[in-house]
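Okay, so here's the structure we're looking at.
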Amino acid sequence: MRSFRTLATYGFLGVMAFVSVFPFAWMIIGATNTSADIIKGRSWPGSALAENLSTLVTTNNVPEILYNSFKVAIIGTALTLLVASMAGYGFEVFKSRFKDRVFGGLLLLMSIPFAALMVPLFVLTGKIGLINTHIGVILPSVAALSLLFIMFYFRQATIAFPSELRDAARVDGLKEWQIFAFIYMPVMKSTYAAATIIVFMAQWNSYLWPLIVLQTNDKKTITLAISSLGTQQLPDYGALMVATILATLPTLLIFFVLQRQFVQGMLGAVK
Amino acid sequence: MKSMKSNGWAFIMPAMVMIGLFMIYPILSSLWMSLQTGRGMNLSFGGFDNLLRLTEDPVFLQALLNTGTFLVVQVPIMIVLALLMATLLNNPDLKFRGLLRTAIFLPCVTSLVAYAILFKSMFALDGVVNQTLIGLYLIDQPIPWLSDPFWAKVLVIIGITWRWTGYNMIFYLAALQNIDRSIYEAARVDGVPPRAVFFRLTIPMLKPVILFTCVMSTIGTLQLFDEVVNLTEGGPGDATLTLSMYIYNLTFKFMPSFGYAATVSYVIVVLVAILSFIQFYVARDRK
Chain A
40 MRSFRTLATY GFLGVMAFVS VFPFAWMIIG ATNTSADIIK GRSWPGSALA ENLSTLVTTN
100 NVPEILYNSF KVAIIGTALT LLVASMAGYG FEVFKSRFKD RVFGGLLLLM SIPFAALMVP
160 LFVLTGKIGL INTHIGVILP SVAALSLLFI MFYFRQATIA FPSELRDAAR VDGLKEWQIF
220 AFIYMPVMKS TYAAATIIVF MAQWNSYLWP LIVLQTNDKK TITLAISSLG TQQLPDYGAL
280 MVATILATLP TLLIFFVLQR QFVQGMLGAV K
Chain B
1360 MKSMKSNGWA FIMPAMVMIG LFMIYPILSS LWMSLQTGRG MNLSFGGFDN LLRLTEDPVF
1420 LQALLNTGTF LVVQVPIMIV LALLMATLLN NPDLKFRGLL RTAIFLPCVT SLVAYAILFK
1480 SMFALDGVVN QTLIGLYLID QPIPWLSDPF WAKVLVIIGI TWRWTGYNMI FYLAALQNID
1540 RSIYEAARVD GVPPRAVFFR LTIPMLKPVI LFTCVMSTIG TLQLFDEVVN LTEGGPGDAT
1600 LTLSMYIYNL TFKFMPSFGY AATVSYVIVV LVAILSFIQF YVARDRK
């Protein structure tokens, strides 16, 4: 009975792990096969890697696409972190009953789905003339994607920020913004690291809002490029596999290098 | 003292401005828009006309039904799978624990668009999945994953489950690790069967986390967009069309109908509110 249970446990978890990892292997093997072979289910490496690469590079301006993706994701992440950590700090350190009410109200907004915002956001972005600009992608997605979540995260983390540090800095004559920039930020760097990973992931993988705002090819991000290649009448899966590797590699690298902070960041909300 | 207070607001202000401009203003303007009818920018006040249109719009009803199906079928499957795997992985005697956990968590790093494309190629008619299933003698005809309304829904559910189960599992694992092991030890000494330990001990203690993941998954599923657009394009027909995709189509694909699209988007807001309330109500502490 006991050995059967052990066997069932390993069997079940083994199958689950295999199913979880298989698409990654499929993506890498697929990059070396022709499109026709891929949809015929060929699951061993082929010799079409160079061909797939050149198809992708000739049909798409890959450096530009990657530049756009990194630009939107990095600026969006930096802005989210700055604005959210300032607010989380402000709400916790300068606590008042009124501020707590405001904070409670903001938390309610967290459950508003982005789908409910996209139509008026599109109209608004059009009115301020930001359609087909990266700023038009960044500003609304910073506000609507993860700002509230990260603000909440920072407020929770700020509880552990020692008030003696602040008092000492005040005695030394530091201004409030200096305390934030030179004391709080370095002390909280592991919180910043965890938040960076979560926000960068969300920004890098974001699809719906860039799809709405960006209209010309020279502005497109990698998710948009993959989507337009993939929804063609006859998609070239070989080139697509190379593109999905490019889209997955940054987040995969972050995951393997910073696994602990990665998981810590994800769990931030329920602690 | 006064300057300290104003300083506090200075830290909060940038966030307030951004949220006000890009969340509060849109949600209010969406409410106003939903009362207007007409195409493009030529809107006129229509009162509740859009609400009436909802009840007579077969595409909307189909999208609502599809989204509801995904929610009702997928979320329970995923939560149960995640709970089961977390419980098994929490056993300290398990070998390859870290490796298995990392493998099961890995799908979370992919972008929704990228994995949708991968799945589309894997679930092609002569693709690797059908070949494997035939090879294992589980089926004798290839399954038309992408061209049959039923199987296309199944495919979307498989996709979302693949992407999000490991994510939910991590929350349960973290919660399980906070539970004192001696409770389990005591249950074992008293000879409580594993099934009873799971239902009487683990589930009640994980209730807050389960509630949290259920609410998050509900909100996520109601907004389902990236996967269906890239995996099935809402098809075949409208078999996998979701509410979010319909809002997008109404606004950006057909002649733009902002007022009506805003009305459909409020359906999502109301559904999120109702379903979250129900979940909190069901999970409340009965005294």
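Top to bottom, those sequences are chains A and B. Here the first sequence stands for residues 40 to 310, where the numbers follow my numbering. Here the second sequence stands for residues 1360 to 1646, where the numbers follow my numbering. For each residue, glycine too, the CB sits at the ideal point set by N, CA and C. All values derive from a computational prediction rather than experimental measurement.
field: Amino acids of chain A, ordered along the chain, whose beta-carbon sits closer than 7 Å to that of THR1469 (chain B)
entry: Correct list: THR287.
message: According to DSSP, is THR73 (chain A) part of a helix, a strand, or is it coil?
response: Of the three classes helix, strand and coil, the one that applies to THR73 (chain A) here is coil, per DSSP.
- request: Output the distance between the C-alpha atoms of PHE1584 (chain B) and PHE191 (chain A), rounded to the nearest integer angstrom.
  value: If you take the alpha carbons of PHE1584 (chain B) and PHE191 (chain A), they lie about 26 Å apart.
message: Please report whether the beta-carbon of LYS1612 (chain B) lies at a distance below 9 Å from any beta-carbon of chain A.
response: LYS1612 (chain B) does not count as touching chain A.
message: Taking a contact to mean a Cβ-Cβ separation below 9 Å, would you say PHE1611 (chain B) touches PHE161 (chain A) in this structure?
response: A contact, by the Cβ cut-off of 9 Å.
query: By Cβ distance below 6 Å, which residues in the same chain neighbour SER229 (chain A) in space, the five residues on each side in sequence not counted?
result: Taken in chain order, the list of residues that qualify is empty.
Distance between THR290 (chain A) and THR1469 (chain B) (C-alpha atoms, nearest Å): THR1469 (chain B) and THR290 (chain A): Cα-Cα distance of roughly 7 Å.
- prompt: What is the residue span of the alpha helix (DSSP H) that VAL122 (chain A) lies within?
  reply: That run of the alpha helix (DSSP H) goes 101–132.
message: At the 9 Å Cβ level, is PRO1435 (chain B) part of the contact set with chain A, yes or no?
response: Against chain A, the CB of PRO1435 (chain B) has no partner CB under 9 Å away; the residue lies outside that interface.
Nearest-angstrom Cα separation, counted from PHE188 (chain A) out to LYS214 (chain A): Cα-Cα distance, rounded: 28 Å.
- request: Go to PHE1478 (chain B), then tell me how far its alpha helix (DSSP H) extends in each direction, as first and last residue.
  value: Note, PHE1478 (chain B): alpha helix (DSSP H), 1471–1481.
field: Reduced DSSP category for TYR1500 (chain B) - H, G, I as helix; E, B as strand; rest coil
entry: According to the sequence provided, residue 1500 (chain B) is Gln. The question's Tyr does not apply to it. GLN1500 (chain B) falls in the coil class under three-state DSSP.
field: Neighbour flag for ALA308 (chain A) against chain B, beta carbons, 9 Å
entry: With a pLDDT of only 48 at ALA308 (chain A), under the threshold of 50, the placement of this residue in the model should not be trusted; the figure read from the coordinates follows. Yes, because at least one Cβ of chain B sits closer than 9 Å to the Cβ of ALA308 (chain A).
query: Which class does GLN254 (chain A) belong to by DSSP, given the choice of helix, strand or coil?
result: In this structure, GLN254 (chain A) counts as coil in the three-state DSSP scheme.
query: Counting pairs of Cβ atoms below 8 Å between the region 43–56 of chain A and the region 1452–1468 of chain B, do you hit three or more?
result: With a cut-off of 8 Å, the region 1452–1468 of chain B and the region 43–56 of chain A count as touching, because enough Cβ pairs lie within range.
query: What are the start and end residues of the alpha helix (DSSP H) that includes LEU1410 (chain B)?
result: Element bounds for LEU1410 (chain B): 1408–1415.
- prompt: Excluding sequence positions up to five away, which residues of its chain have a Cβ less than 6 Å from the Cβ of ILE1542 (chain B)?
  reply: Closer than 6 Å at Cβ, skipping near neighbours: no residue.
- prompt: Apart from the five residues just before and just after THR94 (chain A), which ones in its own chain have a Cβ nearer than 8 Å to its Cβ?
  reply: Counting only Cβ-Cβ distances below 8 Å, and skipping sequence neighbours, we find ASP275, GLY277, ALA278.
task: Taking LEU1477 (chain B) as the query, report the chain A residues whose CB atoms sit under 9 Å from its CB, ordered along the chain.
output: Those are PRO62, PHE63, TRP65, MET66, GLY69, LEU279, MET280, THR283, listed as they occur along chain A.
- prompt: What separation, rounded to the nearest whole angstrom, lies between the Cα atoms of LYS1364 (chain B) and PHE130 (chain A)?
  reply: In this prediction, LYS1364 (chain B) scores a pLDDT of 49, lower than 50, which makes its location untrustworthy; the coordinate-derived value is nonetheless stated afterwards. The straight-line gap separating the alpha-carbon atoms of LYS1364 (chain B) and PHE130 (chain A) is approximately 11 Å.
query: Quick one: is ILE237 (chain A) buried, meaning 16 or more other Cβ sit within 10 Å of its Cβ, or exposed?
result: ILE237 (chain A) should be labelled buried.
task: With DSSP as the reference, please indicate the residues paired to THR1428 (chain B) in a beta bridge.
output: Partner(s): none; THR1428 (chain B) has no beta bridge.
field: Where the region 1552–1565 of chain B meets chain A: residues whose CB sits under 7 Å from a CB there
entry: Flagged: no residues at all.
message: Given a cut-off of 9 Å on the beta-carbon distance, is the pair LEU1453 (chain B) and THR1577 (chain B) in contact?
response: Cβ distance not < 9 Å, so LEU1453 (chain B) and THR1577 (chain B) don't count as in contact.
- request: Classify LEU1610 (chain B) as helix, strand or coil using the three-state DSSP reduction.
  value: The amino acid at residue 1610 (chain B) is misidentified as Leu; the sequence shows Thr. The answer is helix: DSSP assigns THR1610 (chain B) an H, G or I state.
field: Backbone secondary structure at PHE200 (chain A) - three-state DSSP
entry: The answer is coil: DSSP assigns PHE200 (chain A) none of H, G, I, E or B.
- request: Please specify which runs of the alpha helix (DSSP H), each continuous and at least 4 residues long, are wholly inside the region 1494–1571 of chain B, giving them in chain order.
  value: The qualifying runs are 1508–1536, 1540–1548, 1553–1556.
message: Taking CB distances under 9 Å as the criterion, tell me whether LYS138 (chain A) reaches chain B.
response: Any Cβ of chain B closer than 9 Å to the Cβ of LYS138 (chain A) would place that residue at the interface, and such an atom is present.
query: So, ALA1534 (chain B) versus VAL1568 (chain B), is the Cβ gap smaller than 9 Å?
result: By the CB criterion at 9 Å, ALA1534 (chain B) and VAL1568 (chain B) fall inside the cutoff.
task: Enumerate in chain order the residues of its own chain whose CB-to-CB distance from ALA286 (chain A) is below 7 Å, with the five nearest sequence positions on each side excluded.
output: Close CB contacts of ALA286 (chain A) within its chain, under the 7 Å cut and outside five residues either way in sequence, are with ILE261, THR262, ILE265 (chain order).
message: Please tell me whether THR1591 (chain B) and VAL1515 (chain B) are closer than 9 Å, where the distance is taken between their beta carbons.
response: THR1591 (chain B) is a Cβ neighbour of VAL1515 (chain B), given a cutoff of 9 Å.
- prompt: In chain B, which residues lie less than 7 Å from ASN244 (chain A) when you measure between Cβ atoms?
  reply: Near ASN244 (chain A) (Cβ distances below 7 Å), the residues of chain B are SER1470, LEU1471.
query: Are the region 164–176 of chain A and the region 252–261 of chain A touching, with three or more C-beta to C-beta distances below 8 Å?
result: Judged by pairs of C-beta atoms under 8 Å, the region 164–176 of chain A touches the region 252–261 of chain A, as three or more such pairs exist.
message: Contact criterion: CB-CB distance below 9 Å. Does PRO1373 (chain B) meet it with respect to chain A?
response: Output row for PRO1373 (chain B): interface = yes.
query: Buried or exposed: which applies to TYR271 (chain A), given that a residue is buried once 16 or more other Cβ atoms fall within 10 Å of its Cβ?
result: Strictly speaking, residue 271 (chain A) in this sequence is Gln, with Tyr absent from that position. Classified as exposed, GLN271 (chain A) has fewer than 16 neighbouring CB atoms from the shown chains inside 10 Å of its CB.
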